[in-house]
Amino acid sequence: MTTLQATTRSYVAHEYPLWRRLLLTRETAIIAVLVAVVFYSIGNVENFDGPLTLTYLLLDTAPILLIALPMTLVIVTGEIDLSVASVVGLSSVLLGVLFEAGYSIPVAALVAVLAGVACGALNGFLVAYVGLPSLAVTIGTLALFRGVAAGLVGTKAVTGFDDRWTDLATAKIGATGVPVVMILFVVLAIAFAFLLHFTSFGRGVFDIGLNSEAAHFTGVPVERTKLILFVLSGAVSALAGVYFTLRFGSARGDNATGMELQVIAAVLLGGVSIFGGRGRLHGVIAGVLLIGVISSALRLEGVTVNVTNIIIGLLLVASVMTPSVLAALSGLASRRNNRGPSPSSAPVGVGTQER
Amino acid sequence: MSQPTPATGPAAALELRDVAKAFGAVVALRSGSLRVEAGSIHALVGENGAGKSTLVKIVAGVHRRDAGELLLDGRSMDFGSTAESKAEGIAVIYQEPTLFPDLSVTENIFMGRQPVGAGRRIDRAAMHTEAEQLFRRLGVHIDPRRPALGLSIADQQIIEIAKAISLDARVLIMDEPTAALSGVEVERLFAVARSLRDEGRALVFISHRFDEVFDLCDTITVMRDGSYVDAVRTADTDVDSIVAMMVGREVGDLFPKTPAEIGETVLKVEGLSSTGEFHDVSFEVRAGEIVGLAGLVGAGRSEIARAVFGVDRYDAGSVTLAGRSVKPHDPRSAIRAGMAFVPEDRRKQGLVTESSVARNISGVIRGGLARAGLLTGAAESRSAAPWAGRLEVKTGALDMNAATMSGGNQQKVVIAKWLATNPRLLIIDEPTRGIDVGTKAEVHRLLSELAGQGMAILMISSELPEVLGMADRVLVVCEGRITADIPRDEATPENVMRAATRSSQEAAS
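Going line by line, the protein sequences match chains V and R.
All the letters of the first sequence, read from the start, carry residue numbers 1 to 355 under the UniProt record's numbering.
All the letters of the second sequence, read from the start, carry residue numbers 1 to 509 under the UniProt record's numbering.
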């Protein structure tokens with residue numbers, strides 16, 4: 001009779017079999033679309049399978065891939081960081097200014113990344129501890145960081161970086177055509193995937209996004225978690241800024257302007273909910289690559305950038321709409337199935353709206 | 001469907017007969033009856049959960065009744081919305097008025113029905129004049145041009161009343177209007193209420209304060225467990241008989257409290273204060289002891305519990321658990337010291353409903369489940385399964401969302417989550433609110449058993465029988481202070497209710 005001793009029930013761990021949990025997901029759908037677009041492009045787009053396509057595609061998307069990693073975690077908590085591209089710009093300018101002042105690239109890069117940490121800490125402090133909305137805070141720091149960057153160098157650009165370092169930024173791994181920067185990305189991707197999906201910290205990230213109050217009541221350090229994520233976002237953005245500068249050999253205050261929206265678009269395309277609580281890192285990576293592949297293929301086809309933007313915009317809207325449409329359809333189906341005796345409290349008129 | 005007028009005298013301004021309302025499986029109102037005459041003030045009293053609010057909401061058109069009759073001046077009514085109820089001259093004034101803070105007092109009174117002049121422009125002058133007339137009639141001095149922001153709760157209520165009068169409301173229902181008012185403000189509200197009565201309107205006054213009820217009201221209707229108990233003339237009764245009617249059921253045998261050996265002090269709270277919430281709260285809970293925290297809704301019970309656990313801040317005082325000082329505003333410190341907290345609102349605070357059963361149950365202890373730094377879903381399921389089993393949580397699979405479960409099962413998940421931490425002190429706020437009778441008994445048996453194993457339990461409950469049946473000791477909270485500390489064998493519904501309703505505070509302590 002006593003509840004604490006009787007273990008009368010046993011439980012299955014999962015509602016659905018493994019294949020269903022793996023295959024019927026938003027992430028799988030994005031990966032499938034990515035694979036389809038790649039194969040279609042190889043077959044139909046001239047030069048898509050050429051040696052340089054992959055290299056340039058990855059070189060171009062590397063900063064977005066990098067920043068999308070912490071951005072995913074930030075968005076999963078229900079927050080957003082719009083200041084990332086400005087941190088790229090600030091980091092780029094710092095690298096240039098310090099290099100001009102005679103510091104070596106590693107030292108300058110370290111300072112730039114530390115500046116990114118400081119930027120992220122400012123965002124995180126205002127959001128987590130002061131309690132301001134991240135949308136407002138990071139719109140503000142977007143302007144602030146960009147302003148500081150522009151102030152440091154004005155309209156000029158710092159160039160003439162060491163060939164050793166600029167070459168490294170565009171170097172390929174052996175004869176593969178895959179840029180070296182991908183090693184950095186893969187290492188960080190594994191680290192972030194581990195953090196989000198295989199640690200108690202990551203579980204807390206999801207809990208905060210789903211129900212921040214319940215997370216607080218369960219002992220999840222809500223403020224500290226958010227601070228850490230904004231700091232990571234700042235640090236990785238600054239790292240992306242160092243790469244961006246060396247890749248183009250130019251440190252400018254307006255580097256990567258507008259990149260925050262490309263990053264957020266790719267994260268949402270990858271299946272992360274803008275309301276927080278949902279998303280997986282492999283979907284995000286597929287989302288970034290999907291946008292990269294589509295842009296690359298369309299460019300090879302000679303399609304203008306404007307048309308490319310229209311297509312990617314439509315794709316994003318469609319991807320955001322799909323879950324709602326599916327939910328509405330299944331909701332309609334279930335309402336048809338269990339239309340029992342209508343309770344007297346049901347709003348008048350529901351019965352007349354059925355199709 | 002013409003309703004026969006009752007044989008006894010003329011039709012009442014408002015009459016409800018055997019009104020019932022259920023929400024799903026939960027019956028909020030079984031058989032509510034109320035008869036309010038024009039030109040009188042009628043009190044509606046009962047314990048928390050007696051069905052008063054549901055009854056009011058049916059009259060206000062918020063809920064639609066499942067059964068029974070609602071008569072207005074003898075005419076049968078069926079309100080589908082609050083607008084329909086208002087159109088018939090019913091006004092409800094809630095404890096917390098909902099004014100638009102940035103609009104002026106006048107604009108709030110005439111919201112949605114502003115008088116228009118030439119060219120359909122709002123006629124501000126006419127509005128202000130009318131507002132001034134209303135206030136003069138009520139005998140209050142409020143500048144109609146000032147914004148609602150910054151007005152005291154009392155003034156906000158006066159504005160709601162002015163609004164009701166400008167709508168020519170014949171029935172005014174005030175749901176605990178005095179809960180947030182000071183003595184002077186209460187007097188002014190009562191003066192207004194009396195003048196409205198003398199104009200021939202019908203007033204319903206809901207309050208937990210008996211001194212006010214007896215001061216203001218002509219008749220009293222008592223409700224209990226969703227049903228009408230009796231209606232009496234104030235002149236013919238006294239506080240004791242009303243309290244007896246409110247609680248009047250046998251308690252004790254419903255709740256299987258087994259005596260446990262009471263050990264050393266586990267929780268020690270000293271001088272805990274939080275401005276506006278509670279003041280100088282000190283108490284102890286010992287191993288094996290169930291301490292019930294009783295009091296009215298809003299007395300500060302949950303706020304005290306939340307501050308003890310550290311989810312809320314407090315201004316002064318200290319919390320010690322088994323000799324270890326617990327850091328203020330740090331739930332993690334409380335958890336480390338061995339505290340567990342099942343909060344009041346399980347959907348908002350207790351659970352992440354959109355997360356799986358396994359993740360919820362392992363939510364507090366998951367840090368320790370990682371192997372070589374790797375926390376897997378499999379480890380979470382393995383850890384959660386035995387706890388789900390011990391509490392007999394009913395779910396199809398451990399990875400199903402907690403949102404899909406019934407309230408009782410969700411509560412079991414919350415309890416399982418905290419028992420998994422192997423706590424020394426369990427704070428449980430409204431352990432059985434909104435859960436079915438069977439699960440209720442299971443939860444009670446579980447609490448009794450945990451106490452038997454030496455756990456210290458602090459239980460907050462608005463259900464008096466639950467407190468009296470389960471607790472070894474009852475602490476009564478009234479307006480943010482502990483007003484009584486009553487041992488199990490001395491605790492009666494009467495002395496707990498007395499301590500909880502300021503009316504005769506000193507008698508209980």
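Ideal Cβ placement from N, Cα and C applies to all residues, glycine included.
From a predicted model like this one, the values you see are computed outputs, not experimental measurements.
Out of R:Gln410, R:Leu419 and R:Asp238, the CA that lies nearest to the CA of R:Thr439 is found in R:Gln410. For R:Cys478, the pairing in a beta bridge is given by DSSP as R:Arg481.
In the structure shown, the three-state DSSP call for R:Leu296 is coil.
Bounds of the beta strand (DSSP E) holding R:Glu270 are Thr265 to Ser274. Between V:Gly287 and V:Ala256, the CB-CB gap reaches or exceeds 7 Å. R:Thr395 is not bridged by DSSP to any residue.
Contact between the region 400-409 of chain R and the region 319-338 of chain R is absent: fewer than three C-beta pairs spanning the two stretches fall below 8 Å.
Chain-ordered, the chain V residues with CB closer than 9 Å to the CB of R:Ile335 read Thr218 and Gly219. Per DSSP, the continuous beta strand (DSSP E) segment holding R:Phe341 begins and ends at Met339 to Val342. Ranked by Cα distance from R:Ala13, the first of R:Glu88, R:Asp225 and R:Ala191 is R:Glu88.
In the three-state reduction of the DSSP assignment, R:Met223 falls in the strand class. Contact between the region 223-240 of chain R and the region 109-122 of chain R is absent, with fewer than three C-beta pairs closer than 8 Å. Each residue's CA atom was taken as its position, placing R:Ala20 and R:Cys217 some 25 Å apart.
Under DSSP, the beta-bridge partners assigned to R:Met459 are R:Gly292 and R:Ile428.
For the region 6-34 of chain V, the residues whose beta carbon sits under 9 Å from a beta carbon of chain R are, in order, Ala6, Thr7, Thr8, Arg9, Ser10, Tyr11, Val12, Ala13, His14, Glu15, Tyr16 and Arg21. Under the 10 Å beta carbon count, R:Asp215 is surrounded by fewer than 16 other beta carbons and is classified as exposed. Across the structure, R:Gly61 and R:Glu69 are spaced so that their CA atoms are roughly 13 Å apart. For R:Asp240, the enclosing alpha helix (DSSP H) starts and ends at Val239 to Val247. Pairing R:Val285 with R:Leu267 gives a Cβ-Cβ distance under 7 Å. At least one CB of chain V lies nearer than 7 Å to the CB of R:Glu392.
Taking the CA atoms as reference points, V:Ser104 sits about 27 Å from V:Leu65. For V:Asn211, the chain R residues whose C-beta falls within less than 9 Å of its own C-beta are Arg347, Lys348, Gln349, Leu351, Val352, Thr353, Glu354 and Ser355, listed in chain order.
By DSSP's assignment, R:Phe283 forms a beta bridge with R:Val269. Counting along the chain, no alpha helix (DSSP H) covers R:Phe23; the unbroken beta strand (DSSP E) around it starts and ends at Leu14 to Phe23. DSSP, read as helix, strand or coil, puts V:Leu210 in helix. Residue contact with chain V for R:Val311: present (Cβ-Cβ distance below 7 Å to some residue of chain V). Look at V:Lys172 here: in three-state DSSP terms it is strand. Membership of R:Ala38 in any alpha helix (DSSP H) is not indicated, and neither H nor E is assigned to it by DSSP. The residue among R:Ala384, R:Met245 and R:Gly288 with its C-alpha nearest the C-alpha of R:Glu264 is R:Gly288.
For R:Gln349 and R:Ser383, the gap between their C-alpha atoms comes out near 22 Å. Using a CB distance cut-off of 7 Å, R:Pro431 does not count as an interface residue toward chain V. V:Asp207 and R:Val352 have their alpha carbons spaced roughly 7 Å apart. Going by DSSP, V:Asp60 is part of the alpha helix (DSSP H) stretching over Pro51 to Val76.
V:Asn47 sits in coil when the DSSP states are folded into three classes, being neither helix nor strand. Scanning R:Leu138, R:Ala191 and R:Leu189 for the CA closest to the CA of R:Ser166 turns up R:Leu138. Selection V:Val222, V:Leu229, V:Ser250 and V:Leu329 evaluated against V:Leu69 yields V:Leu229 as nearest (Cα-Cα).
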